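Residue numbers (the numbering used here): 140 to 630.
Written below as structure tokens is the structure these notes are about.
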Ligand code: HEM
């Protein structure tokens with residue numbers, strides 16, 4: 140009797156699942172939206188841990204050639220949009236309905252759920268307004284000074300390591316962590332020279348791939364309910380504790396006036412903290428830590444990956460490298476080698492080189508949003524509230540209609556304006572990357588210092604840039620192999 144009861148329950152549950160699955164599977168077909176048939180367990184995410192999501196996005200774009208494509212995040216329908224017009228509508232025109240990201244951290248993890256990258260409105264608006272104060276033109280002057288000094292360390296390190304093949308990503312992660320430590324957290328370090336430092340211990344741990352961390356990131360990006368259920372953390376616990384200790388020590392050692400214009404990220408975080416103590420406002424210590432974590436995670440690896448690709452592309456493109464060198468030389472003669480700010484400002488081509496590298500290899504290759512209310516995408520399609528929407532930046536950035544011969548490194552194409560909303564390596568609209576100008580300063584100083592001091596050559600038998608492996612297990616578009624070049628001193 141018990142056996143039959145159990146069997147009936149199991150059959151009923153299976154039938155219910157099947158009915159639900161049939162509904163899920165027909166979701167996009169019923170709405171006339173192109174799609175690839177979903178997998179019953181993973182939906183469209185069958186590539187996870189086997190292929191980088193950016194390549195999946197690019198593949199969707201190239202195969203469907205359609206305004207939008209329906210996908211499933213496990214069983215949840217989501218929409219990938221593929222045109223500049225829809226990108227503009229979602230990111231800018233109708234941004235009120237797309238203020239939040241779909242990716243979400245567990246509420247049990249304040250460092251994840253309160254940080255600028257992941258937090259939702261209305262908390263996001265207040266935090267963004269405060270943290271933006273660290274990224275105004277006057278504040279970025281101090282970032283310029285730090286980046287110029289650390290770029291010289293980069294040159295010293297390359298000289299010390301000799302003409303041997305140098306692994307780019309580790310060296311550039313040392314440099315970008317160093318710039319962030321010194322310029323934002325006011326921590327003295329010489330990580331660019333030594334590869335060691337307090338904050339570098341954190342970024343090394345973040346960079347280490349492990350299966351649990353990989354699954355944690357997949358849950359945050361694509362299955363927030365699971366992130367909540369398994370109380371997934373944004374950062375490994377050791378890194379969070381370490382960052383907390385560093386910041387507490389800095390807060391103790393430094394005093395900051397509440398109404399004085401803050402100069403660095405650290406001062407802004409301290410003011411947020413003091414304001415909340417003085418006025419009982421809602422910024423807890425966790426919220427402050429969360430912003431430091433967001434800026435560190437959002438900035439150091441994206442910038443180091445970009446530097447890796449820029450250097451690698453230049454090593455494989457001698458004509459473009461020579462042109463950059465000549466322009467930098469002229470600018471250096473005009474401003475003197477101590478005035479890197481002037482040198483960089485006078486070299487238009489460095490801008491084109493960086494833009495072109497970010498077109499081909501955007502570290503965050505798609506832009507994630509979620510619809511707050513039902514939304515009319517066009518006359519044929521209305522999506523429901525809660526539907527995740529992905530703007531397919533990486534797809535448009537290699538569309539030959541917008542960028543002829545898209546897999547060729549051709550910085551000259553950026554001497555003219557690109558078609559609006561076909562180029563978005565830093566995103567767009569209210570949630571555009573807060574560190575865009577900070578990143579450009581960090582990138583330009585390093586590239587200018589390297590190219591003025593070294594000729595960069597490809598290593599024998601190294602893959603062409605467009606054929607180099609892209610990491611399979613991570614979610615960002617970053618090298619999947621150790622990219623190396625040879626540096627030959629120009630002096
Ligand atoms: C080459 C370097 C970088 C690239 C390509 C990059 C790209 C991006 C992209 C695509 C977004 C999402 C924008 C959107 O959804 O519209 C973003 C957001 C963000 N980035 Fe960056 N980023 C870089 C460097 C930095 C740096 C240096 C920092 C900090 C110092 C930073 C901090 C952030 C933060 C906090 C957000 C979340 C902003 C928000 O949601 O309000 N990024 N970045």
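We put the CB at the ideal spot given by N, CA and C, even for glycine.
None of the values given here were measured: they were computed from a predicted structure.
Classification of residue i by the beta-carbon crowding that lies within 10 angstroms, buried from 16 upward
{"i": "residue 285", "result": "buried"}
{"i": "residue 188", "result": "exposed"}
{"i": "residue 498", "result": "buried"}
{"i": "residue 275", "result": "exposed"}
{"i": "residue 193", "result": "buried"}
{"i": "residue 583", "result": "buried"}
{"i": "residue 223", "result": "buried"}
{"i": "residue 595", "result": "buried"}
{"i": "residue 155", "result": "exposed"}
{"i": "residue 554", "result": "exposed"}
{"i": "residue 391", "result": "exposed"}
{"i": "residue 273", "result": "buried"}
{"i": "residue 161", "result": "exposed"}
{"i": "residue 630", "result": "exposed"}
{"i": "residue 469", "result": "exposed"}
{"i": "residue 116", "result": "The requested residue 116 is not part of the displayed model; the chain covers only 140 to 630."}
{"i": "residue 141", "result": "exposed"}
{"i": "residue 455", "result": "buried"}
{"i": "residue 124", "result": "Residue 124 lies beyond the residue range present for the chain, which begins at 140 and ends at 630; the question has no answer from this structure."}
{"i": "residue 322", "result": "buried"}
Minimum C-alpha distance to residue i - residue among the options
{"i": "residue 404", "options": "281, 372 and 210", "result": "281"}
{"i": "residue 521", "options": "209, 176 and 192", "result": "209"}
{"i": "residue 568", "options": "508, 198 and 158", "result": "508"}
{"i": "residue 563", "options": "575, 252 and 348", "result": "575"}
{"i": "residue 368", "options": "243, 327 and 438", "result": "243"}
{"i": "residue 426", "options": "466, 167 and 412", "result": "412"}
{"i": "residue 218", "options": "472, 168 and 580", "result": "168"}
{"i": "residue 535", "options": "157, 141 and 206", "result": "206"}
{"i": "residue 397", "options": "385, 144 and 410", "result": "410"}
{"i": "residue 241", "options": "226, 557, 511 and 305", "result": "511"}
{"i": "residue 500", "options": "617, 515, 324 and 450", "result": "617"}
{"i": "residue 177", "options": "190, 163 and 326", "result": "163"}
{"i": "residue 231", "options": "337, 571 and 203", "result": "571"}
{"i": "residue 289", "options": "382, 402, 220 and 327", "result": "327"}
{"i": "residue 220", "options": "172, 436, 149 and 312", "result": "172"}
{"i": "residue 180", "options": "297, 199 and 215", "result": "215"}
{"i": "residue 612", "options": "438, 306, 349 and 325", "result": "349"}
Three-state secondary structure (DSSP) of residue i
{"i": "residue 178", "result": "strand"}
{"i": "residue 508", "result": "strand"}
{"i": "residue 220", "result": "strand"}
{"i": "residue 521", "result": "strand"}
{"i": "residue 577", "result": "helix"}
{"i": "residue 542", "result": "coil"}
{"i": "residue 590", "result": "helix"}
{"i": "residue 560", "result": "coil"}
{"i": "residue 628", "result": "strand"}
{"i": "residue 206", "result": "coil"}
{"i": "residue 214", "result": "coil"}
{"i": "residue 528", "result": "strand"}
{"i": "residue 514", "result": "strand"}
{"i": "residue 457", "result": "helix"}
{"i": "residue 609", "result": "strand"}
{"i": "residue 473", "result": "helix"}
{"i": "residue 595", "result": "strand"}
{"i": "residue 501", "result": "coil"}
{"i": "residue 550", "result": "helix"}
{"i": "residue 604", "result": "helix"}
Cβ distance (whole Å) where residue i is taken to contact residue j below 8 angstroms
{"i": "residue 329", "j": "residue 251", "result": "That pair is no contact at about 31 angstroms."}
{"i": "residue 542", "j": "residue 506", "result": "Rounded, the Cβ-Cβ distance is 18 angstroms, inconsistent with contact."}
{"i": "residue 407", "j": "residue 378", "result": "Going by Cβ atoms, the distance from residue 407 to residue 378 rounds to 21 angstroms, so no, they are not a contact pair."}
{"i": "residue 482", "j": "residue 467", "result": "6 angstroms"}
{"i": "residue 183", "j": "residue 366", "result": "Going by Cβ atoms, the distance from residue 183 to residue 366 rounds to 19 angstroms, so no, they are not a contact pair."}
{"i": "residue 450", "j": "residue 318", "result": "Residue 450 to residue 318, Cβ: 16 angstroms. No contact."}
Beta carbon proximity, residue i to chain C, threshold 8 angstroms
{"i": "residue 234", "result": "Going by chain labels, chain C is absent from the structure shown, which holds only one protein chain."}
> For the stretch 250-307, which segments carrying the alpha helix (DSSP H) assignment without a break, of at least 4 residues, lie completely within its bounds, in sequence order?
Replying inline: 262-271 and 276-300
> Which residue spans inside the stretch 299-386 form an unbroken alpha helix (DSSP H) run of at least 4?
Replying inline: 307-324, 330-333, 337-346, 350-361 and 363-368
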